[in-house]
Amino acid sequence: MQRKTFKTSETVDFIVVGSGASGGIMARELARAGNSVVVMEQGPRLDAHEFEHDELKYRNLSGITNNPATNPQTFRNTEDQKAAKVSGRNPLTYARVVGGSSSHFNANFWRLHEIDFIERSRLGAIEGADLVDWPITYAELEPYYTKVEWEVGVSGLAGASPFDPWRSKPYPMPPLPVKSSGVLFERGAKKLGLHPFPAPMAINSVLYKDRPPCIQCGLCGGFACEVKAKSSSVWTVIPEAEATRRCEVRAESYVFRIGMNKAGRATGVYYYDRDRKEQFQNARAVVVCANGAETPRLLLNSATGSAPQGLANSSGAVGRYLMFNKGGGAMARFEHPLNEYKGANVTRIMHDFYDSDPKRGFYGGGGFDARSGGPLTWGQSVPKGTPNWGPEFKEYLESYTYWMNCSGHGTSLAVESNRVDIDPDLKDAWGLPAIRVTHKDHPDDTKHAKWQVERAAEIMDAAGAKQIVPGEIGEATGGVHLLGTCRMGNDPATSVIDKYHRTHDVRNLFLCDGSSMVTSGRGQPTQTIEALAFRAADHIAKFARTGDI
Amino acid sequence: MELAVPSRRHFLTAIGNLASAGWIAMNWPKIAAATEHSGHDAAAPPNAIKTLSESEAATVDAIANLIVPGGTTPGARDARVIYFIDNALGSFFAAQLPSFREGLGEFTSSYSSSHGTETSFASAAETQQIAFLKEVEKTPFFLAVRRLTVLGLLALPKYGGNHDNLGWKLIGVEDNHAWEPPFGFYDQDYAGFEPYPGTKPYTA
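One line per chain: the protein sequences are X and Y, in this order. Per my numbering, residue 26 is the first one in the first sequence, and the count goes up by one each step. Per my numbering, residue 14 is the first one in the second sequence, and the count goes up by one each step.
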């Protein structure tokens, strides 16, 4: 199929900045609604056969992620400190490729529960945090969660967890086959009276929408799927957006500023093309879906004379309330080989401890799963007490197939001083001002993560583990779930976008990605980001139809 | 018409063109078998020292082979980890080469100041090597060699180490591109998910 292209001089209906979990959906929905759409993606477009089972490349060499050598960031805990680069890695990591981080995610697709949207009302204020209710409810988002499951493709078993929120339809595909880690996790949790259940995963378990079932190669998180079984935007909604003949995905196009006219309207975007030549694409409206790090950065780098603090930032909330999803777990060794390097990473999860319980003495809730890592990542860390070289270290290496992880994934509280902004000195390889991250965990997040470590160890003990290595909980120094930095809200004084994802300040500028989230959820944000994208696209398409942009 | 077993590229190209569901269904699971890495590792892995000097390489190789010693099962030397380290420091980890060299220089001079210059670390007796490594095991240089050794042992053979998949064999990993259940000991006799009282799991 010849792909549609637009000239930069043409005024397209929409520019979508970013081609990931939300950008792909936004592009498909807007194009299907009859709009012309150009999707701008920083990274290259790779076909399935160009991805490899190369753990070194993707885990250690920034194979498809933002590279600290060319896209550096700085980090500090508090605003009185000078931020510095972190050796060898970036604090905020995302995939820089068509498909964005949906290309390399683990594909854990958890819906938020009803409580996630109304925690402030239920729990009251939390000292040192800015916990607020969402301006929308679970009921408003539910049809879009279902849409994600059927349109993008999610496997799972509806109604299996007694803690699941209500749903209007089952999953379109049965769950993936269970792994040994899932069996052991289920065994241990059930012994403790808990309710583990088959993990909902954005991975095909059967042939679905012309994409094959998972071949159980074992490398999901950090890797792009070579057979298109993982429901990444690049294999799902992006080809469907292009099939409308109204959508162009422009790879290696690095948007660095949103164009504004004197009337306060967005006119398009400035970007560097693959030859690092500056370009400008005209558009009637701009939707930024660039992730919780790059979306606020783009707004801050788009400051104008009338918006000196950054575009759409009259509230001062752009970049603030950065949340990562803190959590804690344990590694466990069993008597027989589990061979966790085989099979999709996660097959069983548990939501018994989803809700925050005041009886614990701190805020926080989460889910647990059984999971595994690739051998190269695993081999680099050694449990306390095990020598890190010599014959005993070698024995430890030889035990690789006997280990699994029981991981807790939890809440991070929104804290105003935790933020993404612009480093005053550092520039990236394009000469653009780089991201500065300021982040310090809320004490409750740390307490909850430590509490999760204890629960994980109990589950592994009940499962019959021969050796348990509890995780160590330190101060967060970065993350891959980049949430909350352009929060949604009804009050323009305290939020960046309204409940339809329109910025309060600029009528034809919309934002939709992890930055829109008001609270962190319990660790697996992508299905929510995609549901928000379907919902936002419905409204934005309606605004376009009625001339309201 | 019976289709021949499709090649990896044939398969991926077909998927890329959104091949018909029927085609995919008909060819499954031949497809899974065909997705193996036939086309990926075309270039021969590095098999010579190009960045480090001969004596530098000998020292690093000796250290690596004490971090993961050989014996009845493969060690770092059997897996040719030194080629990985040399390749890494000459390419994707080149930025680390100056500090690596500096650390290696300190390692060597520290060894000769306590053990004399007649016998190098690389040619010393193993007990002596181990005793010295225990003295320096917290230094950034040693930790760098340790990290590179593990990476070299377990990264794809195309980077120079993990020769003949010996690193993977050591840790029990088989080199297949696709798997089917049962994957391990504990899922082979799994009886199936048992619904909880009060729940009604349902499917499409």
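Heads up, the beta-carbon is just placed ideally off N, CA and C, and yes, glycines get one too.
- The Cβ atoms of X/Thr411 and X/Glu417 sit closer than 8 angstroms to each other.
- For X/Arg345, the secondary structure class from DSSP, reduced to helix, strand or coil, is strand.
- Buried is the label assigned to X/Ser87, since at least 16 other Cβ atoms lie within 10 Å of its Cβ.
- Taking 8 angstroms as the cut-off, the beta carbon of X/Glu66 is found closer than this to the beta carbon of X/Val274.
- 8 angstroms or more divides the Cβ of X/Ala501 from the Cβ of X/Ala355.
- Residues of chain X whose Cβ lies closer than 8 angstroms to the Cβ of Y/Lys151 do not exist; the shortest such Cβ separation is about 10 angstroms.
- For X/Tyr379, the closest Cβ of chain Y is not nearer than 8 angstroms.
- Residues of chain Y whose Cβ lies closer than 8 angstroms to the Cβ of X/Asp453 do not exist; the shortest such Cβ separation is about 17 angstroms.
- Relative to X/Gly392, the option among X/Ala224, X/Thr402, X/Gly433, X/Leu232 whose CA is nearest is X/Gly433.
- The Cβ of X/Leu71 sits no closer than 8 angstroms to any Cβ of chain Y.
- DSSP lists X/Tyr296 as the beta-bridge partner residues of X/Gln304.
- Here the alpha carbons of Y/Asn178 and Y/Asp188 stand approximately 8 angstroms from one another.
- Against chain Y, the CB of X/His361 has a partner CB under 8 angstroms away; the residue lies at that interface.
- Listed along the chain, the chain X residues whose CB falls inside 9 angstroms of the CB of Y/His190 are His78, Ile240, Cys242, Glu251.
- Between Y/Ala61 and Y/Ala77, the C-beta gap is not smaller than 8 angstroms, which leaves the two residues out of contact.
- X/Tyr233 has X/Arg236 as its beta-bridge partners, per DSSP.
- Residues of chain Y whose Cβ lies closer than 8 angstroms to the Cβ of X/Gln405 are, in chain order, Arg160, Val163, Leu164.
- Spanning the alpha carbons of X/Gly390 and X/Ser230 requires a straight line of approximately 29 angstroms.
- At least one CB of chain Y lies nearer than 8 angstroms to the CB of X/Pro416.
- Sixteen is the threshold: when 16 or more other Cβ atoms of the shown chains lie within 10 Å of the Cβ of Y/Tyr124, as they do, the residue is buried.
- Chain Y has no Cβ within less than 8 angstroms of the Cβ of X/Gly398.
- Taking 8 angstroms as the upper bound on Cβ-Cβ separation, chain Y lies near residues His220, Phe222, Pro223 of the region 217-230 of chain X.
- With a 10 Å radius around the Cβ and a threshold of 16 neighbouring Cβ atoms, X/Arg271 comes out buried.
- In the DSSP assignment, X/His564 falls outside any beta strand (DSSP E) and within the unbroken alpha helix (DSSP H) covering 551-570.
- The secondary-structure analysis by DSSP pairs X/Trp428 across a beta bridge with X/Arg358.
- Close CB contacts of X/Lys253 within its chain, under the 6 angstroms cut and outside five residues either way in sequence, are with Ala73, Arg236, Trp260 (chain order).
- 8 angstroms or more divides the Cβ of X/His473 from the Cβ of X/Asn443.
- Below the 7 angstroms Cβ cutoff, chain X contributes Gln241 as neighbours of Y/Glu193, in chain order.
- Taken in chain order, the members of the region 182-212 of chain X whose beta-carbon sits within less than 9 angstroms of a beta-carbon on chain Y are Leu182, Ala183, Gly184, Ala185, Ser186, Pro187, Asp189, Lys194, Pro195, Tyr196, Pro197, Met198, Pro199, Pro200, Pro202, Val203, Lys204, Ser205, Ser206, Gly207, Val208, Leu209, Glu211, Arg212.
- The CB of X/Thr426 comes closer than 8 angstroms to the CB of Ile184, Gly185, Val186, Gly197 in chain Y, given here in chain order.
- Contact between X/Ala328 and X/Leu336 holds, since their C-beta atoms are separated by about 7 angstroms, short of 8 angstroms.
- The three-state reading of DSSP puts X/Lys351 in coil, since its state is none of H, G, I, E or B.
- With contacts defined as CB atoms closer than 8 angstroms, X/Lys524 and X/Met513 qualify as a contacting pair.
- By the criterion of a C-beta distance shorter than 7 angstroms, X/Asn131 is surrounded in its chain by Cys245, Gly246, Asn370, Val371, once the five residues flanking it on both sides are discounted.
- By the criterion of a C-beta distance shorter than 7 angstroms, X/Thr95 is surrounded in its chain by Asp453, Ala454, once the five residues flanking it on both sides are discounted.
- At a C-beta separation below 7 angstroms, Y/Phe134 has no neighbours in chain X, since its nearest C-beta there lies roughly 15 angstroms away.
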